[in-house]
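One structure below.
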Amino acid sequence: MSGPHSVAATKYSHQFEANNFAARNPSEISKATDFDREAAWAKCADDVWTHEEVKVEKWSSEIDTLLVFAGLFSAVLTSFIVQYYPTLQGSSQGSGNVQEGGKVAATSVVINALWFLALLLSLAAASIGITVKQWLSQYIVSESIAPRQRARIWLLRHDSLVAWRVPEIIASLPLLLQLALGFFLVGIVILLWTMNRVVSVIVMAPVAILLLFTIATAFIPTFVPGCPYKSQQAWWLYRLLRRFTLFDGTIGRHLKGRWRFLLDALRSIQPTKDWTDRENHWLRQDRHEVSRRYQDLKVLVAADKLMRDDTFMESVILPSLQESSTHDALPAFFDLVESRAHLVMPGEPGQRGPRLKWFAGETDGETILAMGNLTLSMLIKRMQGGMHASWSSDLARIFSVLDELLEATPGSRPSLFLRLLGLCCEYRSAGGLLYLTTRHGERFKYVVDDISDDQGIKLVDSIIGILSNRPQGPSDVEHAKPDLFQTLNLLERLLVHWPRSRAMSTLTIVYGRVCTVLETTDLSAGIRSRLIDIVYMVYRHSSHVNIPAPAVKCLVVCLVHLFPDHRAGSQHKMRLLEVTGAFLSRLEPNIRQEDVHTILPVLRNAIGLQLSSQDFWETRSYLRSLLKIYLTVAKQDSRLVNNSDYMRLYKYVATKTATWRKAQWWDKCAAELDSMLDELQRLRSEPISRTTDDGTQSTDEAGEMSCVQANHGTGEPNGDSVYGQKKSPGDDRCSSTTNITYPERSPWKFQR
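Number 202 in the UniProt record's numbering belongs to position 202 of the sequence shown; there are no gaps in the numbering.
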């Protein structure tokens, strides 16, 4: 069943059920109905009489002010009249206001008429005001009356108040006083004109300005709804001009040319009940350039300027900004932060908007945190809104505001920095967020120590993205470039001060990723050196940390970049050699030989480097690291270290230690190097066991290695060149170790 019959049937069934319930429970229905009605009448009576009390109080206060002015004005006016009214008597001889034949001068008549009329209007305003105050005192009803009866009395009195024109009578009081003041001033000017025209002209100027001001402030609100010059005389003038628009057809036929703009202005006046209704009509018009949402945000910003309440900003303004579009929210946000700034300074050339400054202090700590949270929310909204060329300056302003707020944030309140740190890890930004994090990370370094493992990995990845010149975040956050040295300071804080409570595997992951950055070719010398220092310090502080073979390969590639001219004199080169050797020794035994092969060309270039420093400890550290790396390679596969490598290494160590002075602890250092050379020779002399394809074990001599195997790292399978160098006559670098005559052992023992 469908259609209107089904609707009627459903309605009837619901009504039938309601009637049955009412019949079964009459007391419940009556009780609920009585309670609802009484509460409704009580609320109605309270609301309407509260509104009336406010209105009556406003009228009473206004009348009191007018009575004070009327009393003072009447007293001043009376003193003038008492001195001048005798001029109306024609018998006064010798008076300049009496003409020949005893007639009174016209100026005397005009002046007295104006002043007496002004006095009459002033007294009339005072008398009417006193009478109206008596009416108002009887208008409010007592609260002892029942709510329903109070509401009925309110309707009767309200309708009577309007019907008997009491609001209009009250509105006429200031108009009477304005007219009285105007008549008095005109009379003053006329009197001075008859006595001294110079004085009259001087007085006439301010009088004219005052009269023009009064007339203009009465006319302007009629044509400009937003004008605040709203008064009773302006409202009366508005209603009067509105009536002229009823006859615009007749008036329009008589207006020609340039005067027709008056008719157009009159037609723009809309019929409204009061000023509030006129303003609402103006706000509803669609001709405004700004959106209604932006108007609402302007209202909230203006309210914040008035109240300066942080709770209001977080609970009302912030949700409204988040719900609005970026186009509407950003201008309102900038207006808000500018009103909340402690100091507003002119912006730099090319910078949009002023420079805002906040001063640090615990007193304003809560306000600064609230402003910082609002700024971060707007930054997220801006980044989520996509990239637009015209918004780049807005984003730069947001970063500038956030930077100043972080600068003023007390160190004891890290919540704003914690949120910034979380956003930096979440968005993996390679620009502004990381810039602010590194810039203010030193003040909140204890916060950096407490971040989670996941945040630590993400933050390190963001730094790696900066160093590797591979942004990992949105492209619209690239306007605030981080200082790389500040970024490395943050990286050092993360790695060197890695808490013991965190998993060491996490440190291994992030440390290995940092090592991979060293192979980047476009790093500056200063950044590369600083990064090597960080890698070395982590190695020294965390003895159990380890890195995978690819990361070790990156360290070796970095060695290539550090030896472009075959010179090794910096501390960073020796540190890198030490770290490389240490991590090579920590590699798993089943590491692929291909990974180890990549190290050999660099090691051969490192042999024979000219040390720019003659410092003993620097030379000893460099040689020790170099030998340690060779030992590690030989332990992986002794065939990787051929005869030529050993000879060059042996001679290089002998040359660098030949000048060492005789001393017990110097000899110990030399003996340590000698033992490392012996260990390397022993490894090369041991046979190597391997498993063939058919599963049988075979043994190779350590030195029996083909040129193809020896040149694995150079990619030269023939025997014409070895490791990128031409073979000299009689130089067989692929021959067995049994055909080699080694130099005398421990040369430093014989050369001293």
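Quick reminder that beta carbons are idealized off the backbone N, C-alpha and C, glycines included.
What residues in its chain sit with their C-beta under 7 Å from that of G353, if we drop five residues either side in the sequence?
F334, G347 and R397
Three-state secondary structure (DSSP) at P474?
Confidence at P474 is low in this model, with a pLDDT of 41, below 50, so the placement of that residue should be treated as unreliable; the coordinate-derived value is given next. It is coil, neither helix nor strand.
Cα separation between R575 and F399?
38 Å
Given this structure, state the Cα-to-Cα distance separating S529 from R443, to the nearest angstrom.
25 Å
Between the stretch 164-182 and the stretch 131-150, do three or more beta carbon pairs fall short of 8 Å?
yes
Please confirm whether R293 and S324 have their CB atoms less than 9 Å apart.
yes
Environment of T520 [buried if 16+ CB atoms lie within 10 Å]:
buried
Whose CA, out of A370, R624 and V76, lies closest to the CA of M313?
A370
How should E578 be labelled, buried or exposed, when 16 other C-beta atoms within 10 angstroms of its C-beta is the threshold for buried?
buried
Could you pull out every unbroken beta strand (DSSP E) segment of at least 3 residues lying fully inside the stretch 305-374, listed in chain order?
343-345 and 355-357
Any non-hydrogen atom of the ligand HEM closer than 8 Å to L434 Cβ:
Summarising the ligand content, the structure contains no ligands, and the ligand HEM is consequently not present.
Which word fits K458, buried or exposed, when buried means at least 16 other C-beta atoms lie within 10 angstroms of its C-beta?
buried
Where P297 sits in the DSSP three-state scheme
Here the sequence assigns Leu to residue 297, which means Pro is not the residue at that position. Looking at L297 - three-state DSSP - the assignment turns out to be helix.
Is the distance from the Cβ of V556 to the Cβ of I534 below 9 Å?
no
Ignore the nearest five residues each way along the sequence and tell me which others in L488's own chain have a CB closer than 6 Å to its CB.
R530
Where the alpha helix (DSSP H) through F444 begins and ends:
It is not in any alpha helix (DSSP H) - F444 carries neither H nor E in the DSSP assignment.
Is residue 754 buried or exposed, if buried means 16 or more other CB atoms sit within 10 Å of its CB?
Given that the chain is displayed from residue 1 to residue 752, the structure contains no residue 754 and the question cannot be resolved.
Between L203 and F184, what straight-line distance do the alpha-carbon atoms span, to the nearest angstrom?
The question names Leu, but residue 203 is Val in the sequence shown. In a straight line, the C-alpha of V203 is about 13 Å away from that of F184.
Given this structure, state the Cα-to-Cα distance separating D309 from A75, to the nearest angstrom.
48 Å
Hey, L66 and G129 are a contact pair by Cβ (cut 8 Å); roughly how many whole angstroms apart?
6 Å
Three Cβ pairs or more, each shorter than 8 Å: is that satisfied between the stretch 139-154 and the stretch 111-123?
no
Flag this pair as yes or no: are the beta carbons of L297 and A332 separated by less than 9 Å?
yes
At which residues does the alpha helix (DSSP H) containing T520 begin and terminate?
Taken as a continuous stretch (DSSP letters only), T520 belongs to no alpha helix (DSSP H), as it is neither H nor E.
Spatial distance of Y622 from K651 (CA atoms):
15 Å
Could you give the C-beta distance for A582 and Y539, rounded to a whole number, given that I count them as a contact under 8 Å?
6 Å
Give every residue of the same chain whose Cβ lies closer than 7 Å to the Cβ of L237, excluding the five residues on either side of it in the sequence, and list them in chain order.
A218, F219 and T222
Given T508, which residues of its chain have a CB within under 7 Å of its CB, disregarding the five upstream and five downstream residues?
V545, N546 and I547
Would you check if the distance between the CB atom of C554 and the CB atom of L584 is smaller than 9 Å?
no
So, at 7 Å on beta carbons, what are the nonlocal neighbours of K445 in its own chain, with the 5 sequence-adjacent residues on each side left out?
R493
What separation, rounded to the nearest whole angstrom, lies between the Cα atoms of L627 and L523?
28 Å
Once you ignore the five residues that flank E404 on each side, which residues in its own chain have a CB closer than 7 Å to its CB?
L356, K357 and W358
Helix, strand or coil, according to DSSP, for A216 in the structure here?
helix
Burial state of K43, where buried means 16 or more other Cβ atoms lie within 10 Å:
exposed
Going by other Cβ atoms of all chains shown within 10 Å of its Cβ, with 16 needed for buried, is E28 buried or exposed?
Unreliable placement is indicated for E28, whose pLDDT of 48 sits below 50; no coordinate value is reported for it.
Could you have a look at R413 and say whether DSSP puts it in helix, strand or coil?
coil
Give me the residue from F616, Q681, L680 and D637 with the minimum Cα distance to A670.
F616
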